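Numbering (the working numbering), first residue to last: 270 to 492.
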């Protein structure tokens, strides 16, 4: 909506505000969680740059990137509240797991929406990942399952940056043919269920219901 540069600057501002608030409440442990998350996110960005346009990227390598780049932020956000509230270690661990798996689900849905959603649901233009040559899970699956001719198309599109509207349409067709988008959504639902299960030990409260609603909202973006 606001463009990449403005979004990054606002994100940096919010992170700075979060650090300031942690100092205000005197929670060094919460500050440690946030600072560690910031370092992990930076590592994830570097990992993504290193894997840029590499069609031989494996699923494990891709999951390592999104775990560091997206899930770490969700995990930290879910844990700092319980830390400040002096919750038990079991509750903290439950919410940390919730955040981590919600983050994985969110990123996978985001990856799928780039090829099968709307700009309104995605928050950016559909096809942006394709045009930028990003190797996301739908690309990894379609490339791995494709024929020799289809792999040639992917190399031309991703590695040589031939990513016009006709190329995007063909990419979506290949992903649909090989079930790449559907399988990506399936993985997202799997992580969503893990996030839901992580909340099971927690007492039933309106706050817990709200956290469950976040999972449902995240997955429902593809409907």
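Every residue gets a Cβ at the ideal spot worked out from N, C-alpha and C, and that includes glycine.
In this text, all values refer to a predicted model and were calculated from it rather than measured experimentally.
With respect to the C-alpha of residue 457, the residue from 378, 412, 328 and 404 having the closest C-alpha is 378. Residue 345 sits close to residue 303, with the two beta carbons spaced by under 7 Å. Assigned with DSSP and collapsed to three states, residue 334 falls in helix. Between the stretch 392–408 and the stretch 431–438, the count of Cβ pairs shorter than 8 Å is three or higher; the stretches touch. When DSSP states are grouped into helix, strand and coil, residue 322 belongs to the coil group. Using a Cβ distance threshold of 7 Å, residue 380 and residue 421 do not count as a contacting pair. Within a 10 Å sphere around the beta-carbon of residue 348 sit 16 or more other beta-carbons, which makes this residue buried. Excluding the 5 residues flanking it on each side, residue 353 has same chain C-beta neighbours closer than 7 Å at 294, 296 and 299, in chain order. When only Cα atoms are considered, residue 312 and residue 337 end up about 7 Å apart. By the CB criterion at 7 Å, residue 450 and residue 385 fall inside the cutoff. Here the alpha carbons of residue 432 and residue 486 stand approximately 31 Å from one another. The straight-line gap separating the alpha-carbon atoms of residue 409 and residue 289 is approximately 40 Å. Residues of the same chain with a CB within less than 6 Å of the CB of residue 460, apart from the 5 flanking positions on each side, are 370, 373 and 374 in chain order. For residue 464, the closest alpha carbon among the candidates 318, 475 and 480 is that of 480.
A direct Cα-Cα distance of roughly 8 Å separates residue 448 from residue 411.
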